[in-house]
Each structure stands twice: as C-alpha cells, then as structure tokens.
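J.:
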Amino acid sequence: MASETAAKKYTGGCHCKRFRYKYTHSAFENGECDVGNCNCSVCNMNALLFIYVPETSFELTSGSVEELTRCTFNTKSYYHHFCPTCGTEIIGKTGGKVGINVRMVDGIRLEKLKLKPFDGAALL
Ligand SMILES: [Zn+2]
Numbered sequence: 106m107a108s109e110t111a112a113k114k115y116t117g118g119c120h121c122k123r124f125r126y127k128y129t130h131s132a133f134e135n136g137e138c139d140v141g142n143c144n145c146s147v148c149n150m151n152a153l154l155f156i157y158v159p160e161t162s163f164e165l166t167s168g169s170v171e172e173l174t175r176c177t178f179n180t181k182s183y184y185h186h187f188c189p190t191c192g193t194e195i196i197g198k199t200g201g202k203v204g205i206n207v208r209m210v211d212g213i214r215l216e217k218l219k220l221k222p223f224d225g226a227a228l229l
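Quick note on numbering: my numbering labels position 124 of the sequence shown as 229, and the sequence is numbered without any gaps.
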C-alpha cells in the first residue's frame with residue numbers, strides 16, 4: 106500500500122491529555138485517503154472515525170494501554186479503548202492493528218476529511 110511509502114508523523118490524545126500518542130500513517134487530513142465512517146452500534150453512538158495502522162507504528166507517549174478502559178461486544182474481535190477520566194475513545198484494537206479515532210488527532214478539521222462509509226453494522 107502507498108501508506109507504507111509516504112508515512113507522516115501525527116500526534117493526538119484524549120481530551121484531558123492524560124493519554125497522548127504518536128503514530129505514522131500516510132497523509133489523510135486533507136482528503137488524501139479515506140477515513141472509515143462505520144455504522145456499527147458503538148461507532149454510531151460515539152461518532153467514531155477510524156484510520157488503521159500496524160501496532161508497530163503506534164506509541165503512547167503519555168499513559169499506558171493498561172490504564173485505558175477497554176470494552177468489547179458481540180464477536181469480541183474489536184477492543185475499544187477510552188480514557189477513564191474524560192471518557193473519550195482514542196483507539197480501538199483488532200488483529201495486530203490499531204484503529205485511531207481521528208477526532209482525537211491534533212489539528213484535524215473534520216470538514217477536510219474524506220469519509221468513506223463502512224458497513225460495520227452488517228458484520229457485527
Ligand atoms: Zn482523558
């Protein structure tokens with residue numbers, strides 16, 4: 106995938122800043138590539154918008170994964186992680202990949218993203 110060749114560095118974190126992270130991904134903030142807009146029950150309720158990176162491309166720079174509150178449902182193949190203090194979901198984990206909720210990424214302007222509908226409701 107092109108995303109491996111044109112990796113860019115990003116930072117972000119939860120609302121209260123207890124958890125901060127950095128990761129690399131190809132540029133997406135001006136519509137360069139799709140951002141998943143899933144319609145499953147939890148994404149719909151929490152307005153989650155995800156891009157995915159390998160776990161090796163993601164690092165928490167403040168806080169640890171163990172301190173995040175985890176929740177899963179249905180097939181238990183996807184683990185949502187949110188800050189127990191401010192409640193914002195920062196990442197999801199599934200099969201060696203980290204889903205990054207792009208709403209938590211520094212400097213993101215939602216109106217510039219290229220959202221791609223994803224029919225998660227049909228899978229779960
Ligand atoms: Zn927080």
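Backbone N, C-alpha and C define an ideal beta-carbon position, used for all residues, glycine too.
Inspect the CB distances between the segment 148-156 and the segment 203-218 and report whether three or more fall short of 8 Å.
T.: Under the three-pair Cβ rule at 8 Å, the segment 148-156 counts as touching the segment 203-218.
J.: Report whether the distance from the Cβ of residue 180 to the nearest heavy atom of ligand 1 is below 6 Å.
T.: no
J.: What number of angstroms, rounded off, separates the C-alpha of residue 137 from the C-alpha of residue 190?
T.: Approximately 33 Å, taken between the alpha carbons.
J.: Helix, strand or coil: which one does DSSP assign to residue 132?
T.: coil
J.: What is the rounded straight-line gap between the Cα of residue 111 and the Cα of residue 131?
T.: 5 Å
J.: Would the beta-carbon of residue 210 fall within 7 Å of that of residue 141?
T.: No. Outside cutoff.
J.: Between the beta-carbon of residue 192 and the beta-carbon of residue 123, is there less than 7 Å?
T.: no
J.: Between the alpha carbons of residue 113 and residue 150, how many angstroms are there, rounded?
T.: 30 Å
J.: Can you round the beta-carbon distance between residue 163 and residue 174 to whole angstroms, since I take them to be within the 8 Å contact cut?
T.: Between residue 174 and residue 163 the Cβ distance is about 18 Å, and since that is not below 8 Å, they are no contact.
J.: For residue 223 and residue 195, I'd like the C-alpha separation in whole angstroms.
T.: 19 Å
J.: Would you say residue 200 and residue 185 are within 7 Å of each other, going by their C-beta atoms?
T.: no
J.: Please write down, chain order preserved, every residue whose beta carbon lies under 7 Å from a heavy atom of ligand 1.
T.: For ligand 1, the selected residues are 119, 120, 121, 122, 123, 124, 188, 190, 191, 193.
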